[in-house]
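Peer 1: Protein sequences, first through last, are from chains A and B.
Each residue of the first sequence is one higher than the last, beginning at 1 in UniProt numbering.
Each residue of the second sequence is one higher than the last, beginning at 1 in UniProt numbering.
Pasting in a structure now, in structure tokens, and then I'll have a few things to ask.
Number of protein chains: 2
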Amino acid sequence: MSNKRVYLFREGDKSMRDLLGGKGANLAEMSNIGLPVPPGFTITTEVCTEYYASGKKLPAGLMEEIETALKDVEKDQGKTLGDPNNPLLLSVRSGAKFSMPGMMDTVLNLGLNDQVAEGMIAKGADPRFVYDSYRRLIMMLSDVAFGDRYEGISKHDFEHQFYDLKAELGVKEDLEVSADKLKELCERYKAYVQSKGVTFPQDAREQMKEAVEAVFRSWNNERAIIYRRREKIDDAIGTAVNIQAMVFGNMGDDCGTGVAFTRNASTGDKEVFGEYLMNAQGEDVVAGVRTPLDLNELKLQNPIIYNEFVNFCNVLEHHYKDMQDIEFTIERNKLFILQCRSGKRTGTAAVKTAVDMVHECLITKEEAIARVNPDLLNQVLLPVIAPGTKYDVIAKGLPAGPGAATGVAVFDANRAAEMGKGGQGQRVILVRADTSPDDLAGMLAAQGVLTERGGMTSHAALVARGFGIPTVAGCSSIRVDAEKRQFTIGDVTIKEGDYISLNGGLGEVIHGQVPVEDAKMTGDFGTFMGWADEFRKMGVRANADSPADVRKAIELGAEGVGLTRTEHMFFEGDRRPVVVSMILDIDNPETRAAKLGELLEFQREDFKGIFEALEGRPATIRLIDPPLHEFLPNLTELTAEVAVDKAAGKSDAAKETMLRAAESMHEINPMLGLRGVRLSIVYPEIVAMQVRAILEGAASVIKAGGKAVPEIMIPLVGHVNELTTIKADLEKTAKAVEAEQGVSIPYSFGTMIEVPRGALTADEIAVEAEFFSFGTNDLTQMTFGFSRDDSDKFLKPYVERKILPGDPFESIDRKGVGQLMQIAIDKAKKVRPNIKLGICGEHGGDPSSVQFCYEIGLDYVSCSPFRVPIARLAAAQAALGKGVSDK
Amino acid sequence: MSNKRVYLFREGDKSMRDLLGGKGANLAEMSNIGLPVPPGFTITTEVCTEYYASGKKLPAGLMEEIETALKDVEKDQGKTLGDPNNPLLLSVRSGAKFSMPGMMDTVLNLGLNDQVAEGMIAKGADPRFVYDSYRRLIMMLSDVAFGDRYEGISKHDFEHQFYDLKAELGVKEDLEVSADKLKELCERYKAYVQSKGVTFPQDAREQMKEAVEAVFRSWNNERAIIYRRREKIDDAIGTAVNIQAMVFGNMGDDCGTGVAFTRNASTGDKEVFGEYLMNAQGEDVVAGVRTPLDLNELKLQNPIIYNEFVNFCNVLEHHYKDMQDIEFTIERNKLFILQCRSGKRTGTAAVKTAVDMVHECLITKEEAIARVNPDLLNQVLLPVIAPGTKYDVIAKGLPAGPGAATGVAVFDANRAAEMGKGGQGQRVILVRADTSPDDLAGMLAAQGVLTERGGMTSHAALVARGFGIPTVAGCSSIRVDAEKRQFTIGDVTIKEGDYISLNGGLGEVIHGQVPVEDAKMTGDFGTFMGWADEFRKMGVRANADSPADVRKAIELGAEGVGLTRTEHMFFEGDRRPVVVSMILDIDNPETRAAKLGELLEFQREDFKGIFEALEGRPATIRLIDPPLHEFLPNLTELTAEVAVDKAAGKSDAAKETMLRAAESMHEINPMLGLRGVRLSIVYPEIVAMQVRAILEGAASVIKAGGKAVPEIMIPLVGHVNELTTIKADLEKTAKAVEAEQGVSIPYSFGTMIEVPRGALTADEIAVEAEFFSFGTNDLTQMTFGFSRDDSDKFLKPYVERKILPGDPFESIDRKGVGQLMQIAIDKAKKVRPNIKLGICGEHGGDPSSVQFCYEIGLDYVSCSPFRVPIARLAAAQAALGKGVSDK
């Protein structure tokens, strides 16, 4: 920790963000490169830490250091804080290392008091300007300095008093209120504050001290904490405080204030883009009291100032080599820059800006790649609500599947499938309490899915991301009543057929229709992803279960398939009844053989299609994984139906048979039950059929002159003997198919590492497995003992209360799950140094996890097709050493 | 591998069991110490391995080696194999390293053929004896040598032909059949064999070769394989073959054969104990064709031979320093010893024999401790079916809770509780499809429990072992119909009120009543366990949830409580409704507070009672662990009930409220859901109440002049922050209670390590935890991804097919689960070298697991009270380096 607590702007520079915060560092930088920045100084973030460490006390000596810096500013401006004859007024603003716009407090016009106001007027200042500034100071300082300590002081009350005054006067606009009346408002404000037990401080230094403490305290106000949690900003870093000579946008009609981006933050177009208000202070632009004007208006009204501003924009872009978000004030036709920072932008803008800046020789390709947050690419790829649309959010759930969707609410998957099918279908949103594999057809036919229960990796969410269906899951504020075909949120009831919309990326549920626009795959995007591929060293595959998925994945840059879930194929159309009738007579080998014979015909075509679509790229195909009871109806519902029938003296033999099967197959913890390789050991015929189908499909592609590279993956292996046992059987099938078909197929056998014991004994398993794919969904479930279907209730509070740094189903938990992966890799490489290593859990599309996968030496990541570009970019960033580090 | 393949008896000794098998080594040893053993030689176990390795071919040169050894025997006996004028006859017997009685094949009287038979008679041999021996040879050799290669040759057919012959002759006993008729029988036998395609070999050497190969082949007959699996004998070790000059018990009335134990194998009493038959060969004693006589009869009939035999028994016991199981033959009043081996015995006999032999100065205390299989102690402690009782086993399930029980079948837990309650109650056996915590009262009131479903660690099994209730679980051949109050097994229907019995240790379900005897805690047992405690270095505690359990555990030698499951207390009597009403309004803090206030009163008394019973010993008390929905009715049943009501136009508000609660709390994988520390973080008041109750209970004991050492254990911790968070709250409660009560309580906080992530991050967790207790049940579930409630369906085939070496819920899986334990210990000791380490999973009472716990340095193991002596003995054996190693 340095001893120096206060830095004049000329003492700092942009590299000092840790100490001076982003705003302070940039004010210093801009001062130093000669931009018109009002002079000032920054109290360091370390002081904030000291303030909290000492129980919210400013450190001894700080006020003296401030005084010294202040003297410098006073000298520069030729004005003195608190001197009625020639007063310096100050702004006091927060500024942490990372931008937290609007989350912390600001006090403007500091230094004004009754005397100073009169003094300024006496010296010729416009009384209206003076009292407008004074009333703002009283409101802001009282709100931020006392609002959290004196009950009942609220900004709202101040606004109301101003509103009442305007009403008394019969005017609408702030600017219509005269100087006298603003002075009266100041009196009312002071009286209000007094009535709450505080005397508004007349002493300028007392004001300053209160303002500094208020900014420090605002670091831990509720909205700042929430914002940091969402943005994953460390709570410990603290904020700096920037104290700066005021410049005034509210001195008259030759004054103004505004904010602008050096490029269009939505589209990335190279054009200065912003809003401003004349005769106003900064907050007016944001607050929406007056409607700000488009910056193009300034071009017409005041081309000189406008051109000067555009010039400053160019200077700043060239200096910072990035698009800037700039605050400015015009005081009596003189332009001041009050802040600049890297501008937040949409994914589309991020990509376009990065590509353009490379073409403009501002940045290198590496910098371009490093600069775009991979998660932003989602926005580039998905349908979005037409920019600028206003809409009515009635509930928020988990952003389970990004993208926007609009359609009529439907509460039954079959009805949704019926209504939504084909291109001709109606646009529907399937609304369910939760979804099961039963609902798949309905989900696929829907524009979007909304569920009341289930987390980010619930069935609905997995399907959503797998198939790119905009989905809001776990929206616990709605109550779905499937029977009544409606859901309610408080008083609002949405009935079947009512239009709703979803904004999946934000978890928003919207009342009514919204205009939805399709993704635009611009040339810039292609260029950008091409660069990413130049740098990246790790492969990117996709999880895809159908030829259509595969084609989409390849279009998005996948180099193969990292996971084909063969069981999804069992749910489709004609197949389900075959599967069910096999299950109902599962212990009869003849039935099993007959039904598997039927399924073989289907599956062979499935795989053939996938290999054709892959055009020679490899496909890791996972043999059947879920417990068989997933194909049967819900036990509870079926029990109730049969009980009701029985009570009514009815009897339905088929239903009762189904119930007996569901009962006998019921599992208390299906996640840890008869599934994966266990199922294959108990009923080996199913996987034998699947391997035959895979290899016959591959053979027919090869015979037609194509190429097919099947990597057959056995799931849920925890003990090498499981793999040894099943592989021995399957190798026989494989050899038989090769012999029958008369072709050689470059197949291999491997396993998923998704059971902790599999990772712990990887040295044994790698003897048998030619490749490992980390199934980090299940590995996370078992390593933590968290069921992803049931963890909503505690994962949310865990993350909120920082018991966990984040949702381990989103980003790999490096210390636990990651440790197991590392153990597995170390052990496996000892016995098979060239073992192919991949990941096919949902984490394969999460940038932080991609970084980790790169660090531990995986050969590829695999994710849902729509996340392929994200993974490609994240992998490139990892290779460049610019990846997302652990939180 | 040695080059020598054949050892004369004089070339071997008892240390050569690996090479010569147990029988061969002991025959050699007995020869060398001068006992009357007919001369012979042994073909090594290595030859068996070679035989299989070369595709069932005898190695080249073997027959020559045999010939050399045979010459030695011929010389000794002055007879020649195959010489009609002076024939040597041989026995060919199997003999592996470990005794596998009756599992493999034997051929006696080898060397007989048509010519030799006539020659022997010509030289004066009794024709009846000659043809009796010949017919036995034809039957035995044909059966073992050809039975597995020629379809239709079966021992059964031979026996039928003899039976038919006796019927033709109108006689009943074998001895009534004349020499001529036996000769005729030999002809019939040869013709029968011929009809199946084999000519019975007349060449003695061909007979010998066939017999040797048959013995090798019998190593892999079905019953031998099953036996080895049950006894966990390695399939690879192979059998030796013993070829020995015949001595004949069937030469006349001065001949005989028998088997005896040097002590009573049931009681351990020091008395020779056995059976014999005059004029018979060995198989007759075993086969039960004739009823053998008690050896005491021989004492009367032939005191000289009897005394000589008793003398040999003493010689052998002193030589082997263990109780022996001996085969003998009397040929013309001369006694021969044909085999000796360590005698199998009951637990009671094992303990008594060991103690007696120490007192007899035959063995040391260490040897006594090493010699008793800890699992045998079960038999010493539990009620048993009165020895000698014949009973009718109608089904077999898993031996979930050892001990015998008899009572009337009852199909409802409440009814069982009603009928069985108090000392006055009827003896009932509770029969359920499966059990849930709801059934606890009924289970406790029952003599025994029988379930159709559920594995060795299902709810029923856990309760069974915890409370010492004889239980057969997962008896899948029965079908329970609770509604009809009956169960069926095939055609048999047992209705409520019918008597059944259980033999829990063997998983037997018995029709009707059987006499059941209580455990006898003899003085020898106490002496023996005292010695165990002298040697053992690791502590033994018990899992106990009530003062009665604690007292039982202490009586059985527990040094404290390693696990008190506080939730069991929530199910009892008046408490359940309080718990349920709290759950129904769980989100209302006022209800929670009120109901917890009521529960506090109960729990304080619970803990006070436990501390009193412990008399100052420590108690590890686990805070609430199960998901709250376990306290609610079954969702499926409730849904059906409400649906039926609704269909009938009825409505029961209370039931519907309950249903809504059950629905909203329902979890898909409750094992991985909202339970353990997660529950405490979401609803911290419950554990705050529990900690208060624990410490108030402790305080009242301390204030009364006693001692109480509560170790408060927080379950299911996977991330240190969980522990940090909850511990901070609970420490406050603890300090508050100390202040209120004005006493200092030596409490500590620790955690269960039962989630893989907990083990992997033990270095972080140990900073907060003063002790670890390995919860190996859950750790095994999560490490393997096996739900113990659902794993029956695959665990059984896994163990049968050797995919797993054993049930990991029985013995700790050292490679996987054990590796995690080792990781946890290594990491924890780095940050807290003196951390107290224990285990409280079911494995704490399993000898192999106890050995492992000793190896990795745990301070104590904890198990159910009835397994405490087993754990004490296993811990002593571990300390002596004689523990049960990994399988």
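Glycine included, each C-beta is placed from N, C-alpha and C at the ideal position.
With DSSP as the reference, label C255/A as helix, strand or coil.
Peer 2: Numbered from 1 along the first sequence, position 255 holds the residue referred to as residue 255/A. DSSP places C255/A in coil when its eight states are reduced to three.
Peer 1: List, in chain order, every chain B residue whose beta-carbon is nearer than 7 Å to that of M671/A.
Peer 2: To locate residue 671/A, count along the first sequence from 1; it is residue 671. The contacting residues are N669 and L672.
Peer 1: Counting only beta-carbon separations shorter than 8 Å, does L716/A have a partner in chain B?
Peer 2: Working through the first sequence from its first residue, we reach residue 716/A at position 716. With 8 Å as the cut-off, L716/A counts as an interface residue toward chain B.
Peer 1: What did DSSP end up calling D886/B once you bin it into helix, strand or coil?
Peer 2: Along the second sequence, one-based indexing puts residue 886/B at 886. For D886/B, the predicted structure reports a pLDDT of 48, less than 50, and the residue's modelled location is therefore unreliable. The matter cannot be settled from this model.
Peer 1: Touching or not, the stretch 795-814 of chain A and the stretch 498-509 of chain A, by the rule of three or more beta carbon pairs under 8 Å?
Peer 2: At 8 Å Cβ cutoff, the stretches do not touch.
Peer 1: So if I threshold CB-CB distances at 8 Å, which residues from the stretch 779-798 of chain B count as touching chain A?
Peer 2: For the stretch 779-798 of chain B, which is checked against every Cβ of chain A, the residues closer than 8 Å are Q781, M782, T783, F784, G785, F786, S787, D789, D790, S791, K793, F794, P797 and Y798.
Peer 1: Please list, in chain order, all residues of the same chain as M821/B whose beta carbon is under 7 Å from its beta carbon, the five residues on each side excluded.
Peer 2: The residue you call residue 821/B lines up with position 821 of the second sequence. Taken in chain order, the residues that qualify are A759, F774 and I856.
Peer 1: Considering only the alpha carbon of each residue, which of I429/B, F772/B and A871/B lies closest to K836/B?
Peer 2: Here residue 836/B refers to the residue found at position 836 when the second sequence is read from its first residue. K836/B has its Cα closest to that of F772/B, out of I429/B, F772/B and A871/B.
Peer 1: Helix, strand or coil, according to DSSP, for G95/A in the structure here?
Peer 2: Residue numbering aside, residue 95/A sits at position 95 when the first sequence is read from its first letter. Strand.
Peer 1: Tell me where the beta strand (DSSP E) around D729/A begins and ends.
Peer 2: As a first step, residue 729/A is located in the first sequence; it is residue number 729 there, counting from the start. Where D729/A is concerned, there is no enclosing beta strand (DSSP E), although the alpha helix (DSSP H) it sits in stretches over V720 to Q741.
Peer 1: Taking only beta-carbon atoms, is Q819/A less than 8 Å away from chain B?
Peer 2: Residue mapping note: residue 819/A aligns to position 819 of the first sequence, counting from 1. It does; some Cβ of chain B falls within 8 Å.
Peer 1: Hey, is V380/B's beta-carbon within less than 8 Å of any beta-carbon in chain A?
Peer 2: Here residue 380/B corresponds to residue number 380 of the second sequence, with the count starting at 1. Judged by the 8 Å Cβ criterion, V380/B is not in contact with chain A.
Peer 1: Enumerated in chain order, which unbroken segments of the beta strand (DSSP E) with a length of 3 residues or greater are wholly contained in the stretch 653-720 of chain A?
Peer 2: Segments of the beta strand (DSSP E) lying fully in the stretch 653-720 of chain A: 709-714.
Peer 1: Check whether the stretch 663-681 of chain A touches the stretch 624-640 of chain A, taking contact to mean three or more Cβ pairs, one atom from each stretch, closer than 8 Å.
Peer 2: They touch, by the three-pair rule.
Peer 1: Please state if the CB of L398/A and the CB of N279/A are separated by a distance shorter than 8 Å.
Peer 2: Position 279 of the first sequence, counted from the start, is the residue given in the question as residue 279/A. Position 398 of the first sequence, counted from the start, is the residue given in the question as residue 398/A. Cβ distance not < 8 Å, so N279/A and L398/A don't count as in contact.
Peer 1: In whole angstroms, what separates the C-alpha of Q194/A from that of A167/A?
Peer 2: Taking the first residue of the first sequence as position 1, residue 194/A is located at position 194. Taking the first residue of the first sequence as position 1, residue 167/A is located at position 167. Approximately 24 Å, taken between the alpha carbons.
Peer 1: Taking 8 Å as the threshold, find out whether the stretch 721-740 of chain A comes into contact with the stretch 684-698 of chain A through three or more Cβ pairs.
Peer 2: Judged by Cβ distances under 8 Å, the stretch 721-740 of chain A makes contact with the stretch 684-698 of chain A, as three or more pairs qualify.
Peer 1: In terms of residues, what are the limits of the beta strand (DSSP E) holding Q339/A?
Peer 2: As a first step, residue 339/A is located in the first sequence; it is residue number 339 there, counting from the start. Residues K334 to S342.
Peer 1: How close, in whole Å, do the beta carbons of S787/A and L672/B come, if the pair is a contact with beta carbons under 8 Å?
Peer 2: The count along the first sequence starts at 1 and reaches residue 787/A at position 787. The count along the second sequence starts at 1 and reaches residue 672/B at position 672. The Cβ separation is near 4 Å, so the contact holds.
Peer 1: Counting Cβ pairs closer than 8 Å, one from the stretch 356-366 of chain B and one from the stretch 465-480 of chain B, do we hit at least three?
Peer 2: Because the criterion of three Cβ pairs below 8 Å is not met, the stretch 356-366 of chain B and the stretch 465-480 of chain B do not touch.
Peer 1: Helix, strand or coil for M752/B? Go by DSSP, reduced to three states.
Peer 2: By 1-based counting over the second sequence, the position of residue 752/B is 752. Correct three-state label for M752/B: strand.
Peer 1: Could you work out which residues of chain B lie near A643/A, taking near to mean beta carbons separated by less than 8 Å?
Peer 2: Taking the first sequence and counting its residues from 1, one reaches residue 643/A at position 643. Here the neighbours are A640, E641, A643 and V644.
Peer 1: Please check if any C-beta of chain A sits within less than 8 Å of the C-beta of K815/B.
Peer 2: Taking the second sequence and counting its residues from 1, the one referred to as residue 815/B is at position 815. Output row for K815/B: interface = yes.
Peer 1: Between the beta-carbon of F611/B and the beta-carbon of A698/B, is there less than 8 Å?
Peer 2: For the purposes of this step, residue 611/B is taken as residue 611 along the second sequence, with counting starting at 1. For the purposes of this step, residue 698/B is taken as residue 698 along the second sequence, with counting starting at 1. Taking 8 Å as the Cβ cut-off, F611/B and A698/B qualify as a contacting pair.
Peer 1: May I have the straight-line CA-CA distance separating E711/A from V717/A, to the nearest angstrom?
Peer 2: Your numbering for residue 711/A matches position 711 in the first sequence. Your numbering for residue 717/A matches position 717 in the first sequence. Those two C-alpha atoms are separated by around 16 Å.
Peer 1: In chain B, which residues lie less than 8 Å from L804/A when you measure between Cβ atoms?
Peer 2: Within the first sequence, the letter at position 804 stands for residue 804/A. Going along chain B in sequence order, the residues near L804/A (Cβ under 8 Å) are H719 and N721.
Peer 1: Exposed or buried, which one is G504/B when buried takes at least 16 other CB atoms within 10 Å?
Peer 2: Locating residue 504/B in the second sequence gives position 504, where the first residue counts as 1. Buried is the call here.
Peer 1: On the three-state DSSP scale, how would you describe G423/B?
Peer 2: Indexing the second sequence from 1 puts residue 423/B at position 423. Residue placement at G423/B is flagged as unreliable, the pLDDT there being 49, under the threshold of 50; the coordinate-derived value follows with that caveat. Note: G423/B maps to coil in three-state DSSP.
Peer 1: CB-CB under 6 Å to G282/A, same chain, minus the five flanking residues each way: which ones, in chain order?
Peer 2: Taking the first residue of the first sequence as position 1, residue 282/A is located at position 282. Around G282/A: T257.
Peer 1: Starting from the beta carbon of P756/A, find every residue of chain B whose beta carbon is closer than 7 Å, and list them in chain order.
Peer 2: Reading the first sequence from its first residue, position 756 is the one you call residue 756/A. Within 7 Å Cβ-Cβ: P756, M782 and T783.
Peer 1: Does the stretch 185-192 of chain A come within contact of the stretch 125-142 of chain A, defined as at least 3 CB pairs closer than 8 Å?
Peer 2: Yes, since at least three Cβ pairs between the stretch 185-192 of chain A and the stretch 125-142 of chain A fall closer than 8 Å, the two stretches touch.
Peer 1: For A648/A, go through chain B and note every residue whose CB falls closer than 8 Å to its CB, in chain order.
Peer 2: Position 648 of the first sequence holds residue 648/A. The answer, in chain order, is A647.
Peer 1: Give the range of the beta strand (DSSP E) segment to which V6/A is assigned.
Peer 2: Counting from one through the first sequence, the residue named residue 6/A turns up at place 6. First-last of the beta strand (DSSP E) with V6/A: V6 to L8.
Peer 1: Out of S700/B, A739/B, E517/B and S680/B, which has the shortest C-alpha to C-alpha gap to D729/B?
Peer 2: Along the second sequence, one-based indexing puts residue 729/B at 729. It is S680/B whose Cα lies nearest to the Cα of D729/B.
Peer 1: Kindly indicate the opening and closing residues of the alpha helix (DSSP H) around G526/B.
Peer 2: For the purposes of this step, residue 526/B is identified with residue 526 of the second sequence, where counting begins at 1. Taken as a continuous stretch (DSSP letters only), the alpha helix (DSSP H) holding G526/B covers G523 to F535.
Peer 1: Going straight from the alpha carbon of A669/B to that of F784/A, what length do you get?
Peer 2: Locating residue 669/B in the second sequence gives position 669, where the first residue counts as 1. Locating residue 784/A in the first sequence gives position 784, where the first residue counts as 1. The question names Ala, but residue 669/B is Asn in the sequence shown. Approximately 13 Å, taken between the alpha carbons.
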